Structures are given as C-alpha cells and as structure tokens.
Amino acid sequence: HAAEVENDKPAYVVDARHGTQTSIGVSASIPAIAETGNTLGFLKRQKQLECHPLQRFLDECREEWEDYGRKFKALGAPNECPPYPYTYKNLQAFVDANDAEAVAAMQKAR
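Heads up, the sequence shown is in our numbering, so the first residue is 467 and it goes up one at a time.
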C-alpha cells in the first residue's frame, strides 16, 4: 500500500489485521518459517524486557492506575481508588515462574 504522508505512516507500516493475516498465511504456507517462530518467543521477550525494564513498566502501570482512580473520583465515584494490586516482588515472581516454564518446555522439546 502507499505511504500516508498526512498521518506520518510510511508504506512499510501495516495495520494489525494485515500483519496478523500475513503472518498466518506465510506460516501456514511455509512450515520452516512456522518452526522458527517457536524459538523467537524467547528473543522477543528478552527484547521486550530490555526496552521496558520491569520496574519502569510497573511504575508506569501504577501511575496509570492511580490516574484512572483520580478520574473516576472526579466523575463522582463513591470510593477511593484501591491500591495498585502488584508489587515489584510479585511481578518478579511471575517472571521467574514464566522463565521456569520456558526452560522446562525447552528441555522437554529436546
């Protein structure tokens, strides 16, 4: 498709529907590509954590939670915003559990 200059969207940027359909079509047509996708999840996760460290991510989530709480209160919500339910400690526990599952799955696949 053509670039959308007025929206600052280059031609190589596609919407989610196009990207998903293309990915499914290519993976279904070329099994070797589908197989490599199984190993890319770990890399994608590592890159995500490098770009968005857990502490910064959690801080941003908490700020957004509290911002919504203030907005609801300003609109007449009867109760105060509950405290944000996640901490660094339990978020790290989730990540550690996910890591352990991934290692176990990789060892099982061998």
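Using N, Cα and C, we set each Cβ at its ideal position, and we do this for glycine too.
These numbers were taken from a predicted model, which means no experiment stands behind them.
Apart from the five residues just before and just after residue i, which ones in its own chain have a Cβ nearer than 7 Å to its Cβ?
i	result
Val561	Leu520
His467	Ala477
Bridge partners of residue i, per DSSP?
i	result
Glu472	The partner list for Glu472 (beta bridge, DSSP) is empty, contrary to what the question assumes.
Could you give the DSSP three-state label for residue i: helix, strand or coil?
i	result
Tyr478	coil
Arg576	coil
Pro551	coil
Ile490	helix
Asn545	coil
His467	coil
Pro497	helix
His518	coil
For residue i, collect the residues of the same chain with a Cβ closer than 6 Å to its Cβ; drop the 5 residues on either side in sequence, then sort them by chain order.
i	result
Arg528	Tyr550
Arg483	none
Thr577	Since the first residue shown for the chain is 467 and the last is 576, residue 577 is missing from the structure and cannot be characterised.
Trp531	Tyr550
I'd like the list of long-range same chain contacts for residue i, defined as Cβ closer than 8 Å, with 5 residues on each side in sequence excluded.
i	result
Lys539	Glu546, Cys547
Ala577	The structure shown has nothing for residue 577, since the chain only spans 467 to 576.
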